[in-house]
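Below you'll find the structure, written out as structure tokens, and then a few comments.
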Amino acid sequence: MRRDFTRESYWNLFRRAAAAISGRLRGWLYLKMGVFSSAPGSRLIIGKGAEIKNGRNVYIQGKVKIGNFARIECHPLGEGCQPGSIILSDEVSLGNDVHIGAVSEITLDPGVLLGSNILLIDHSHGEPKADVFDFEELPKRRRLSSKGKIIIGRNVWICDGAVVLGGVAISQGVIIGANATVRSNVCEGTIYL
131 MRRDFTRESY WNLFRRAAAA ISGRLRGWLY LKMGVFSSAP GSRLIIGKGA EIKNGRNVYI
191 QGKVKIGNFA RIECHPLGEG CQPGSIILSD EVSLGNDVHI GAVSEITLDP GVLLGSNILL
251 IDHSHGEPKA DVFDFEELPK RRRLSSKGKI IIGRNVWICD GAVVLGGVAI SQGVIIGANA
311 TVRSNVCEGT IYL
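Just so we're aligned: the sequence shown equals residues 131 to 323 in the working numbering.
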């Protein structure tokens, strides 16, 4: 489908072109500077304001697009532990304000599309059991715990505002509805609301 530029102002055209060029340039610099680990021939488009923590544990495999103000973080589960890992495969597209946090592993298979304001997190701050949970401790100081890795299959679409928690496998072709919270596995070809 071709875009009709006759109804668009020159200023808007210029802004869109500048944003596209700067995103590609920013992605190229991130790969060349070794912010991420990447396979040969990988390409990255990254939006403005992205926060990356332990980016060497984020693996780019192919063409990946990351939207504006994304947070991608790999944390260690405890002292002396290795940080988790995040694998972004070919044709993965992350919308604006996506937060991905791993202490274990989060894998996005080829063709995954994430909308805006999405949380993929495989850990929590503290154990949610009465005998272990310390309500007096500040949440950011509690020991991290994980229920396991997150695996998102091929061609999955996760709509705006969704949350995917640890220990979840989403099979290929699934659509996760807007503002859904995924706490268990989702079968192939399902629409999850």
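Using N, Cα and C, we set each Cβ at its ideal position, and we do this for glycine too.
Since we're looking at a predicted model, the values are computed, not measured.
Query, Result
"Quick check: what's the CA-CA separation for A169 versus Q191?", "5 Å"
"Kindly indicate which residue of C211, G210, L218 and E209 has the alpha-carbon position closest to the one of I202.", "L218"
"For H255, tell me which candidate among L238, S276, L244 and E235 has the shortest Cα-Cα distance.", "S276"
"Please confirm whether V165 and G179 have their CB atoms less than 7 Å apart.", "no"
"Tell whether a beta-carbon distance below 7 Å holds between N226 and G291.", "no"
"Give me the Cα-Cα distance between V242 and V222, rounded to the nearest whole angstrom.", "5 Å"
"According to DSSP, is P240 part of a helix, a strand, or is it coil?", "coil"
"Name the two residues that bound the continuous alpha helix (DSSP H) containing K162.", "Y140 to K162"
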